[in-house]
Amino acid sequence: MKLLVTGGAGFIGSHAVLEFLLAGHDVLSLDNYSNSSPEALKRVAKLAGRAPEVLEGDLRDEALLLALMREKRFDAVVHFAGLKAVGESVEKPLIYVDNNIVGSAHLLKAMKDVGCKNLVFSSSCTVYGMPQKNPIGEDHPRSALNPYGRSKLVIEDMCFDLARSESGWHMALLRYFNPVGAHDSGDIGEDPRGIPNNLVPFVMQTAVGRHPHVNVWGKDYPTPDGTGIRDYIHVVDLAKAHLAAVERIASFNGAEPVNLGTGKGYSVLDVISAAGKAAGKDIPYKVGPRRAGDAPEVWGNPSLAAKKLGWTCEKGLGEMVADHWRWQKKNPEGYKAG
Ligand SMILES: NC(=O)c1ccc[n+]([C@@H]2O[C@H](COP(=O)([O-])OP(=O)(O)OC[C@H]3O[C@@H](n4cnc5c(N)ncnc54)[C@H](O)[C@@H]3O)[C@@H](O)[C@H]2O)c1
Numbered sequence: 036m037k038l039l040v041t042g043g044a045g046f047i048g049s050h051a052v053l054e055f056l057l058a059g060h061d062v063l064s065l066d067n068y069s070n071s072s073p074e075a076l077k078r079v080a081k082l083a084g085r086a087p088e089v090l091e092g093d094l095r096d097e098a099l100l101l102a103l104m105r106e107k108r109f110d111a112v113v114h115f116a117g118l119k120a121v122g123e124s125v126e127k128p129l130i131y132v133d134n135n136i137v138g139s140a141h142l143l144k145a146m147k148d149v150g151c152k153n154l155v156f157s158s159s160c161t162v163y164g165m166p167q168k169n170p171i172g173e174d175h176p177r178s179a180l181n182p183y184g185r186s187k188l189v190i191e192d193m194c195f196d197l198a199r200s201e202s203g204w205h206m207a208l209l210r211y212f213n214p215v216g217a218h219d220s221g222d223i224g225e226d227p228r229g230i231p232n233n234l235v236p237f238v239m240q241t242a243v244g245r246h247p248h249v250n251v252w253g254k255d256y257p258t259p260d261g262t263g264i265r266d267y268i269h270v271v272d273l274a275k276a277h278l279a280a281v282e283r284i285a286s287f288n289g290a291e292p293v294n295l296g297t298g299k300g301y302s303v304l305d306v307i308s309a310a311g312k313a314a315g316k317d318i319p320y321k322v323g324p325r326r327a328g329d330a331p332e333v334w335g336n337p338s339l340a341a342k343k344l345g346w347t348c349e350k351g352l353g354e355m356v357a358d359h360w361r362w363q364k365k366n367p368e369g370y371k372a373g
């Protein structure tokens with residue numbers, strides 16, 4: 036298949052582009068590199084033995100998207116591009132409207148214009164808001180806790196509305212839980228700009244001495260060790276789920292959400308301890324107060340993904356942190372040195 040991948044140089048996008056290339060698909064990555072490096076796709080090309088087409092450009096450039104869709108006639112679009120920092124979205128909500136919502140609207144308009152009606156979209160478990168119960172199924176009520184979450188809700192709603200308005204759309208709205216890890220070569224991985232928002236990159240940067248300790252926000256939750264529990268998913272498993280979604284896109288009738296997680300939760304202290312084992316050293320941490328808006332436990336029910344995609348996670352927490360550590364050790368400053 037001929038695929039347009041938006042945000043192909045990002046953390047999840049680069050791993051997915053690799054799986055698409057290895058499976059024989061042709062890829063064009065459109066990325067403005069606002070949170071990534073072109074180096075990621077150079078390394079993907081080496082690992083795959085062939086290169087994706089690469090275009091530097093912005094989703095908000097409506098004319099560019101239209102021209103690209105008209106010229107290339109893609110079979111499907113895999114839409115990763117977007118901003119994802121919750122704290123930043125609270126401080127600068129309009130940037131999230133512009134980049135995520137307006138950018139996605141341009142993409143959908145360009146797809147509609149050329150009749151390309153196959154889409155795989157990066158949604159998130161954040162659309163479930165504060166969980167009412169675990170594990171979370173796709174029928175759990177949706178709500179937004181912050182502007183980032185709202186951008187995912189609105190984009191999902193645009194997809195639902197569009198699919199209802201005319202027939203022929205096939206849209207997989209993939210709701211990721213917590214993607215971590217890296218390709219087992221250690222050559223591609225997560226390279227967050229500035230201070231990482233997510234636990235695992237922060238823990239790994241602490242292990243290489245970039246931070247004095249990990250902050251554990253709350254140790255008095257009603258969980259076995261008192262720290263928050265999340266459903267972590269290895270990024271290579273996640274990338275393979277995208278391959279399955281692309282190849283089975285015709286089985287999505289209209290816009291359908293699917294959870295992507297392992298269905299198993301790990302606590303913050305489980306992660307710090309597993310990462311310490313992978314790195315061969317104790318990782319220092321300090322317990323602080325709970326953060327407003329953090330749920331005690333969030334883990335998903337992945338059974339629909341197994342049924343719809345014929346896919347299940349293969350990698351557990353040990354491999355997630357071992358692979359993340361290999362990437363971090365080989366690339367202590369991320370792609371900068373590449
Ligand atoms: N990583 C997570 O924890 C997580 C969880 C749930 C959902 N998601 C979603 O998955 C997608 C990919 O996440 P990621 O972790 O790979 O993030 P990332 O920041 O590494 O990748 C996003 C990519 O999109 C590009 N981009 C951003 N805005 C753009 C624009 N306007 N035009 C062109 N390119 C643009 C960035 O440069 C980057 O390469 C995002 O939509 C994110 O919201 C991520």
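So the sequence shown is numbered by the numbering used here: it starts at 36 and just counts up by one. Ideal Cβ positions, reconstructed from N, Cα and C, are used throughout, including at glycine.
Under the DSSP assignment, S338 falls in the alpha helix (DSSP H) whose first and last residues are 338 to 344. The three-state secondary structure of V243, taken from DSSP, is coil.
Under the three-state reduction of DSSP, T41 is assigned to strand.
I268 places its beta carbon 8 Å or farther from that of C151. For the pair of segments examined, the segment 201 to 212 was found not to touch the segment 54 to 61: the number of CB pairs separated by less than 8 Å stays below three.
L209 places its beta carbon less than 8 Å from that of V293. If you draw a 10 Å sphere on the C-beta of I230, you find fewer than 16 other C-beta atoms in it, and that means exposed. Taking one beta carbon from each stretch, the segment 355 to 373 and the segment 274 to 287 have fewer than 3 pairs nearer than 8 Å; the two do not touch. DSSP lists no beta-bridge partner residue for S124.
By the beta-carbon neighbour count (other beta carbons within 10 angstroms, threshold 16), Q167 is exposed. V303 places its beta carbon less than 8 Å from that of L234.
Closest by C-alpha distance to G42, out of P73, M36, H60, D222, is P73. A contact between stretches requires three or more CB pairs, one per stretch, nearer than 8 Å, and the segment 252 to 269 meets this requirement with the segment 318 to 336.
A distance below 8 Å separates the beta carbons of L63 and P87. E291: member of the beta strand (DSSP E) spanning 289 to 295, first to last residue.
Per DSSP, the continuous beta strand (DSSP E) segment holding D66 begins and ends at 61 to 66.
Assigned with DSSP and collapsed to three states, A276 falls in helix. Short of 8 Å from the beta carbon of V306, and not among the five residues preceding or following it, lie these beta carbons of its own chain, in chain order: L234, V235, V238, Y267, L352, V356.
Under the DSSP assignment, G323 falls in the beta strand (DSSP E) whose first and last residues are 320 to 323.
Looking at the DSSP output, R265 bridges to Y301, V333. Take the alpha-carbon of G298 and the one of P337: they are about 6 Å apart. DSSP places F237 within a helical segment (H, G or I) once states are collapsed to three. By the criterion of a C-beta distance shorter than 6 Å, G311 is surrounded in its chain by D317, I318, once the five residues flanking it on both sides are discounted.
By the C-beta density criterion, G323 is exposed, having fewer than 16 other C-beta atoms within 10 angstroms. In this structure, Y211 has its beta carbon less than 7 Å from a heavy atom of ligand 1.
Apart from sequence neighbours up to five positions away, the residues of its chain that approach D133 with a beta-carbon distance below 8 Å are R95, ordered along the chain. Beta-bridge partners of W252 (DSSP): G323.
Secondary structure of P214 (DSSP, three-state): strand.
Beyond the five residues adjoining it in sequence on each side, D66 comes within less than 6 Å, by CB distance, of G42, G43, A44 in the same chain, given in chain order. Taking all protein chains in view, the Cβ of H248 is surrounded by fewer than 16 other Cβ atoms within 10 Å, so the residue is classified as exposed.
By the Cβ neighbour-count rule, K119 is buried, with 16 or more other Cβ atoms within 10 Å of its own.
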